[in-house]
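Going by this note's numbering, the sequence shown runs without a break in its numbering and finishes at 164.
In this text, a Cβ means the ideal position worked out from N, Cα and C, and glycines have one as well.
All figures in this text were calculated on a predicted structure; none of them were measured in a lab.
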Amino acid sequence: VQTCALPISMSGSRGLLGVLAWCLDHAFRQIDGKLVVTAFGNGIGMVHNGSRALKRVPDIRTGGGTAYGAEAITLGAGHLQLEDQLRPRAIYVLSDGGWIDTASGVAQITRYAEIGVPTIHLSIGVEPLGLQASELVVITDADQAAFEIADRTAAALSGRR
C-alpha cells in the first residue's frame with residue numbers, strides 16, 4: 004500500500020492540477036493506497052485529506068509566495084502513516100521551481116528521509132532553488148507529473164526503489 008503527500012504550487016497549471024489530483028487519488032485507491040493533497044503559495048490549504056475518494060475534480064488555488072512549502076508538507080504528512088515502514092511512502096512536491104528552503108522545510112524533509120520517506124520535487128520548467136529533496140526532477144508541463152509519480156510508485160511497489 005502506497006501513501007503519498009502531494010504539496011503543490013504551480014499557479015500557471017492550476018486547471019491541470021485538479022485533474023491530476025483526481026486521477027492520482029483514484030489510481031492510489033485501486034492499489035489500496037492513500038493520497039493527500041495540499042496547496043501552498045501565499046498560504047497553505049488542504050485540498051484533499053485522503054479520507055474518502057474525490058467525487059469531483061478539485062479547484063486548486065495556488066500561487067503567490069513560497070514561504071509555506073514546509074507547512075504544506077507537514078499538513079499533508081499529518082494525514083498519513085509515514086512511520087509505517089511496511090508500505091511504500093513518498094512525498095511529491097510540485098512547484099514552479101520558486102520554492103527556496105526554509106529552516107523548517109529542511110527539518111521536515113530531513114526528518115522524513117530519516118524514516119525512509121523520500122521527498123521528490125517535481126518542478127515545471129526550471130530546477131528548484133535549493134530544495135533539500137531526495138530527488139529533483141524538472142518537468143515540461145503538469146501532465147508529465149502524473150507519469151513521473153506513476154513510474155516512481157510502480158518502482159516502489161515492485162521493490163525497485
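{"query": "Short of 8 Å in beta carbon distance, which residues of its chain neighbour Glu130, apart from the five on each side in sequence? Order them along the chain.", "result": "Gly100, Leu139 and Val141"}
{"query": "Could you compute how far the alpha carbon of Val96 sits from the alpha carbon of Ser126?", "result": "8 Å"}
{"query": "For Lys58, is the classification buried or exposed, using 16 other Cβ atoms within 10 angstroms of its Cβ as the cut-off for buried?", "result": "exposed"}
{"query": "Could you tell me the distance, in whole angstroms, from the CA atom of Val22 to the CA atom of Pro61?", "result": "7 Å"}
{"query": "Among Gly79, Arg32, Glu86 and Pro91, which one has its Cα closest to the Cα of Arg155?", "result": "Pro91"}
{"query": "Among the candidates Val109, Glu74, Gly119 and Asn52, whose CA atom is the shortest distance from the CA of Leu85?", "result": "Gly119"}
{"query": "The alpha helix (DSSP H) with Glu138 in it runs from where to where?", "result": "Note, Glu138: premise wrong, no alpha helix (DSSP H); beta strand (DSSP E) at Glu138 to Ile142."}
{"query": "Give a yes or no on whether the C-beta atoms belonging to Leu38 and Leu20 are separated by under 8 Å.", "result": "no"}
{"query": "What are the boundary residues of the beta strand (DSSP E) that Leu160 is part of?", "result": "Segment Ala145 to Leu160 is the alpha helix (DSSP H) holding Leu160; no beta strand (DSSP E) there."}
{"query": "From Ile76 to Ile47, what distance separates their C-alpha atoms?", "result": "10 Å"}
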